[in-house]
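Enquirer: Residue numbers (mature numbering (1 follows the signal peptide of the UniProt record, and there is no 0)): -24 to -1, 1 to 429.
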């Protein structure tokens, strides 16, 4: 039996050498005493970049009005009762920029949180500032002011293959930092109904409640994904977990940092998945890809020369499996980005360069900008009476923003006499202010101030 163990150990070591791990600058699978392979050296460098997140806040809970009350109040009785209830939650996050203190997590981890606390592996604790979030892709960006942080390097998630090793690091069930291992089980998973834009990495590395926002890394200790969801009957691990690819995450975070919002890319086509039925009906030489039903007028696709009947089979050198995957990648890349599409037309493959347009204006919840603006939905407005500003597109009755005096269709054009033209400028202006804040509002033909105390 001892000889068998030694033989297996030798085989693993040989395989590691074959796939080039021994050539890395830091040994990733090292032999400890007794010639047993270990991931400990890699994890010792990677785990300090994964943090535990504690949140608290309050959420509106809605309950159906009891029949007895409805009978008493008659037809004027409200259909439901609304109540604010406090909550606490736990999750995980990943430091992606040590100098700036940027931490990525899931949007659902910090949703409605008024207090976000980051716990580092070395025991230090910091309050975090929320810089942005995108519920449609479940990504959020936090920032802490701290020295001597460790960040995870990013891998090119487009280069992943099914069967690659994957290590999940997070804070399951609030137990503290935990490491589990597995492989990449599938790529491009979608149609799960979890997020608006789904292009998940599937893994069998154990992911449980509390792992959300944590890291999925390769054997080099590079970030390949942000753990986000599991399939399980009671919230427990059954070997099917999902992570947002690192490339998708980086595109979204870059937009949050540069613009203060997500500027979704738009190709300007309508289409469907290539299926076996479509392949037979159209006599296509492929069984996967995104079939273009229609090219919208004045779109990026029309400008680039795409046509109805084209089949998009690749983007930026990577294969496109279906239309949903193409939609997710285009939307998260961002407006203005250049992409190279591999297009099948009349039996020939063409390379078509496209500069992405911008999808319809992205709205964000105003509490991302400032907690006292909760209940308002904001978007960049460039046409209101010729003045660029931030439009209050929606406003919940009785919410903090409404109690301040904001109204629907107000345009915020300044903070304390400092002109602001967009969400990014508004966010920065509010971050720099202390004490009373005066929002300069354009309301119809009127200009007025709303005070945040």
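Cβ coordinates follow ideal geometry from the N, Cα and C atoms, glycine included.
Quick caveat: nothing in here was measured; it's all calculated off a predicted structure.
Of the residues 155, 349, 390, 357, which one's Cα is nearest the Cα of residue 379?
Expert: 349
Enquirer: Is the CB-CB distance between residue 125 and residue 189 below 8 Å?
Expert: no
Enquirer: My parser needs the alpha helix (DSSP H) runs of 4 or more residues fully inside the region 59 to 104; what are they?
Expert: none
Enquirer: Cα separation between residue 331 and residue 265?
Expert: 20 Å
Enquirer: Tell me the DSSP bridge mates of residue 395?
Expert: 390
Enquirer: Using a Cβ-Cβ cutoff of less than 6 Å, which residues in the same chain neighbour residue 346 once the five nearest sequence positions on both sides are dropped?
Expert: 406
Enquirer: If residue 186 and residue 192 are in contact, beta carbons under 8 Å, what's the gap, nearest whole angstrom?
Expert: Actually they are not in contact, since the Cβ atoms of residue 186 and residue 192 sit about 15 Å apart, beyond 8 Å.
Enquirer: What residues are listed by DSSP as bridge partners for residue 290?
Expert: 295, 318
Enquirer: So what does DSSP say about residue 144, is it helix, strand or coil?
Expert: strand
Enquirer: Would you check if there are 3 or more beta carbon pairs closer than 8 Å linking the region 286 to 300 to the region 241 to 257?
Expert: yes
Enquirer: Below 8 Å, how does it come out for the region 100 to 110 and the region 144 to 162: are there three or more Cβ pairs, yes or no?
Expert: no
Enquirer: Let me know the secondary structure DSSP gives residue 335 once reduced to three states.
Expert: In the displayed model, residue 335 falls within coil according to three-state DSSP, outside both helix and strand.
Enquirer: With 16 as the cutoff for other CB atoms within 10 Å, does residue 391 come out buried or exposed?
Expert: buried
Enquirer: Would you mind sorting residue 240 into buried or exposed? The rule is 16 or more other CB atoms within 10 Å of its CB.
Expert: buried
Enquirer: How is the beta strand (DSSP E) around residue 355 delimited, first residue to last?
Expert: 352 to 357 is the span of the beta strand (DSSP E), which, as asked, contains residue 355.
Enquirer: Relative to the alpha-carbon of residue 365, which residue among 371, 355, 372 has its alpha-carbon at the smallest distance?
Expert: 355
Enquirer: Nearest to residue 183 by alpha carbon, out of 121, 166, 159?
Expert: It is 159 whose Cα lies nearest to the Cα of residue 183.
Enquirer: CB-CB under 6 Å to residue 260, same chain, minus the five flanking residues each way: which ones, in chain order?
Expert: none
Enquirer: Rounding to the nearest angstrom, what Cα-Cα distance links residue 381 and residue 32 in this structure?
Expert: One C-alpha to the other measures close to 27 Å.
Enquirer: From residue 424 to residue 219, what does the alpha carbon distance come to, in whole angstroms?
Expert: Roughly 46 Å between the two C-alpha positions.
Enquirer: Helix or strand or just coil, what does DSSP make of residue 116?
Expert: strand
Enquirer: Would you mind working out which of 288, 161, 399 sits nearest residue 267, comparing C-alpha positions?
Expert: 288
Enquirer: Just to confirm the assignment, what range does the alpha helix (DSSP H) spanning residue 233 have?
Expert: 222 to 235
Enquirer: On the three-state DSSP scale, how would you describe residue 123?
Expert: Residue 123: coil per DSSP, three-state reduction.
Enquirer: When burial is assigned at 16 or more other CB atoms within 10 Å of the CB, is residue 34 buried or exposed?
Expert: Around the beta carbon of residue 34, fewer than 16 other beta carbons sit within 10 angstroms, so the residue counts as exposed.
Enquirer: Taking all protein chains shown into account, decide if residue 362 is buried (16 or more other Cβ within 10 angstroms of its Cβ) or exposed.
Expert: In this prediction, residue 362 scores a pLDDT of 44, lower than 50, which makes its location untrustworthy; the coordinate-derived value is nonetheless stated afterwards. Residue 362 comes out exposed.
Enquirer: Three or more beta-carbon pairs under 8 Å between the region 71 to 86 and the region 121 to 140, yes or no?
Expert: yes
Enquirer: If you check the beta carbons only, do residue 81 and residue 116 fall under 8 Å apart?
Expert: yes
Enquirer: Given that a residue counts as buried once 16 or more other Cβ atoms are within 10 Å of its Cβ, and exposed if not, what is residue 386?
Expert: buried
Enquirer: Mind checking residue 318: buried by the 16 CB within 10 Å criterion, or exposed?
Expert: buried
Enquirer: Could you pull out every residue in the same chain whose Cβ sits closer than 6 Å to the Cβ of residue 180, ignoring the five residues on either side in sequence?
Expert: 158, 161, 215
Enquirer: What residue does the beta strand (DSSP E) around residue 427 start on, and which one ends it?
Expert: 422 to 428
Enquirer: Looking at residue 194: is its Cβ nearer than 8 Å to the Cβ of residue 235?
Expert: Taking C-beta atoms as the reference points, residue 194 and residue 235 fail to come closer than 8 Å.
Enquirer: What residue from 245, 135, 79, 63 has the CA that sits closest to residue 273's CA?
Expert: When only C-alpha atoms are compared, the closest one is 245.
Enquirer: On the CB-based measure, 16 or more other CB atoms within 10 Å of its CB, does residue 420 come out buried or exposed?
Expert: exposed
Enquirer: Does residue 257 pass the burial test, meaning 16 or more other C-beta atoms within 10 Å, or should it be called exposed?
Expert: The Cβ neighbour count for residue 257, taken over all protein chains shown within 10 Å, is under 16; the residue is labelled exposed.
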